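Beneath this line is the structure, given in structure tokens, with notes to follow.
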Amino acid sequence: MSGSDRNNASLPDGKEHAHVKDTHSPERLQTAGDQLTRLQEANANLVIATIEARKLAEQLQMAQVELDHLAHHDTLTHLPNLILLYDRLAQAISVAQRTGKPFAVLFMDLDAFKHINDSLGHGVGDQLLLSVGKRLLGCVRQSDTICRKGGDEFVALLTDINHPEDAALSAQKMLAAIARPHHIEEHDLHVSASIGISIYPDDGRDTETLIKQADTAMYHAKGQGRNTYAFFEQEMTERAVARQATEASLRLALDRQEFVLHYQPKFDLHSGAIVGIEALVRWQHPQRGLLAPADFVPIAEDNGLILPLGRWVLYEACRQAQARQDMGLPPVIICVNTSALEFRDSDFVASLREVLEETRLKPCYLGLELTETVLMRDVRSTDSALHELSDLGIRLAVDDVGTGYSSLSYLRRFPIDTLKMDSSFIQSIPQNADDAALVSAMISMGKSLKQHVIAEGVETAEQAAFLLDQHCDSAQGFFFARPMAAEALTPLLKSGFSVPHYRH
Ligand code: C2E
Ligand code: MG
Ligand code: MG
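Mapping of the sequence shown onto the numbering used here: residues 1 to 504, in sequence order.
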């Protein structure tokens, strides 16, 4: 007999007792216990699952927020991106429609950012963009939006303005903030920007137009010499169209050999002898005639075409200089203007050596004219490039002295031979006392640094006489000789220039 039969037999009502017997049997108890444990476990699991579900929901929500942030912000600077800007612009338009108050869109582009990126690497470029973004934020109110459009372009939406002049003030503030040196890694980077401004409702009533007009005005500001701002004007659209046409034909001009060099001599103020010749590029445009550098060099600098163009200028200037020497003419130093982008190009020195080898011109007959801003960009790499050039025997001049950022320490540090005072100071001497004092000061500074000082843009005998009195070494300008074609230069070099009278 089994144990269970024995229990059944001792009970009067089999059915009832079978139940009682079941609940109390150790097996059943065991099963119930198991079930309870399982129930408890399931309950615990449910609690855990609920907690996890809640966590998951929170994470999902966070991811959603993050995704939303990512969709509306720039990943590098975390500033609003174009999508968010369009959104805020649309809001600003509907508010302005109600209040009748204007607002401004500022389109900003860093000047020559590309070559910082190219020469110092993207890491430095990224940090510079971060630093610029931070500075821009410091220039506007909480209610304004600073957006990074992409690359080195930023757009600001200033909603709280009463007049367009308020936007101009903000633009000035931004330019000043950006111009302060950016300390990145071991570099002290000096950058500038150009800003275009469009005003709602005068320049556009929809988001796209407002941004487009601000962009057009920005290009205009770049054309004005950079580090400046410009308000949109209707005529700019026509100019922007013309600019695009220029850009397209510029690409073809090198292949079609449409560039020519003109030459302007530089004279020793004491003896009247020629001390150098500057090569100035011209574009013989098939429809528009002979174009000055101002019409195409800034465009070529923006789109990088200045690199092949600059190389052509260098090659051609050296080739023609050597050809003149081969003809038996006395050797004269040929000076070539070098853009920041060319100078920053890592191949610049190598390519220059190649040009000298191919044309057989001795390095001591080549001079480079660099602007102050070229030298200020990245002091350390500039220093080594300049020493390399100077060691080759190439003369180095700083062009347009007085117009760039004023830091005189670099003049002492770099192997510079010549300071070329900008024509804007020369124009008003000797009448304007301030400019006269500045010119004297620049001459004495050059002298004390043992540099050769030259004045450019000398147009009158009075200017030449004043410069001579101040012990300026040499001069260049319409008063002595205008820039001329190569065919005109050769006979003059043969026969000798007769310098007009300017001594007291
Ligand atoms: P820059 O190097 O400062 O050249 C002086 C400019 O002043 C030249 O203008 C010259 O024609 C002009 N000039 C000379 N004497 C006088 C004068 O007495 N009065 C006045 N009002 N102007 C005078 P240009 O040829 O139009 O060149 C303008 C600028 O374009 C140059 O300024 C230089 O920065 C740039 N440039 C010229 N050729 C080249 C080139 O081959 N490569 C590069 N990167 N830039 C160039
Ligand atoms: Mg020059
Ligand atoms: Mg100059």
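All C-beta atoms in this analysis are idealised placements derived from N, C-alpha and C, irrespective of residue type, glycine included. Predicted model, so just to flag it, every value in this text is computed and none were measured.
Per DSSP, Gly310 has no beta bridge partner at all. When the Cα atoms are used, Arg226 and Leu110 turn out to be separated by approximately 9 Å. Those residues whose C-beta sits under 5 Å from the nearest heavy atom of ligand 2 are, from N- to C-terminal order along the chain, Asn337, Glu369, Asp399. Going by C-alpha positions, Tyr219 is about 27 Å away from Val336.
Annotation for His182: no alpha helix (DSSP H) segment contains it, though the beta strand (DSSP E) segment containing it runs 182–184.
Using a 10 angstroms sphere on the CB of Cys364, the tally of other CB atoms stays under 16, which defines it as exposed. Looking at the DSSP output, Ala230 shares a beta bridge with Gly196. If you draw a 10 Å sphere on the C-beta of Ala245, you find fewer than 16 other C-beta atoms in it, and that means exposed. For the pair Ile454 and Gly304, the Cα-to-Cα distance works out to about 30 Å. Ser428 has its CB no nearer than 7 Å to any heavy atom of ligand 1.
Linking Ala436 to Glu233 through their CA atoms gives a straight-line distance of about 37 Å. Listed as beta-bridge partners of Ala455 by DSSP are Met421, Ala475. Judged by DSSP in its simplified three-state form, Asp144 adopts coil rather than helix or strand.
Following the DSSP letters along the chain, one finds Tyr263 inside the beta strand (DSSP E) bounded by residues 259–268. In terms of Cα proximity to Asp74, the closest of Lys101, Gly151, Thr237 is Gly151. If you ignore the 5 residues before and after Asp473, its C-beta comes within less than 6 Å of the C-beta of His452, Val453, all in its own chain and listed in chain order. The closest heavy atom of ligand 1 lies 7 Å or more from the beta carbon of Glu165. With a cutoff of 7 Å, Phe267 does not count as near ligand 1, since its C-beta is closer than that to no heavy atom of the ligand. The beta carbons of Leu493 and Arg324 sit closer together than 8 Å. For Leu76 and Asp68, the gap between their C-alpha atoms comes out near 16 Å. Judged by the Cβ position, Phe103 fails to qualify as a neighbour of ligand 1 at the 7 Å threshold, every heavy atom of the ligand being at least this far. Between Gly457 and Ser498, the C-beta gap is not smaller than 8 Å, which leaves the two residues out of contact. Exposed is the label assigned to Gly496, since fewer than 16 other Cβ atoms lie within 10 Å of its Cβ. Per DSSP, Arg54 is one residue of the alpha helix (DSSP H) stretching across 26–72.
Contact check between the stretch 40–60 and the stretch 123–138: fewer than three CB pairs, one atom from each, fall below 8 Å, which does not count as touching.
Counting C-beta atoms within 10 angstroms of its own C-beta, Val241 has fewer than 16 neighbours from the protein chains shown and is therefore classed as exposed. With respect to Tyr410, Met376 sits close: the two C-beta atoms are nearer than 8 Å. Sequence-distant partners of Gln322 (beyond 5 residues in either direction) whose C-beta falls short of 6 Å from its own C-beta, in its chain, are Thr359, Arg360, Leu361. Secondary-structure assignment with DSSP links Asp109 through a beta bridge to Glu153, Ser194. Ligand 1 never approaches Leu389 closely enough for any of its heavy atoms to be under 7 Å from the residue's Cβ.
The residue from Leu120, Ala217, Arg141 with its alpha-carbon nearest to that of Ile184 is Leu120. Contact annotation: the stretch 90–103 does not touch the stretch 182–196, with fewer than three C-beta pairs closer than 8 Å. Setting aside the 5 residues that flank it on each side, Ala385 is surrounded in the same chain by Phe343, Phe348, Val349, each with a C-beta closer than 8 Å to its C-beta; the list follows chain order. Contact fails between the stretch 204–216 and the stretch 163–176, because fewer than three Cβ pairs, one in each stretch, are under 8 Å apart. Just so you know, the alpha carbons of Ala481 and Leu356 end up roughly 28 Å apart.
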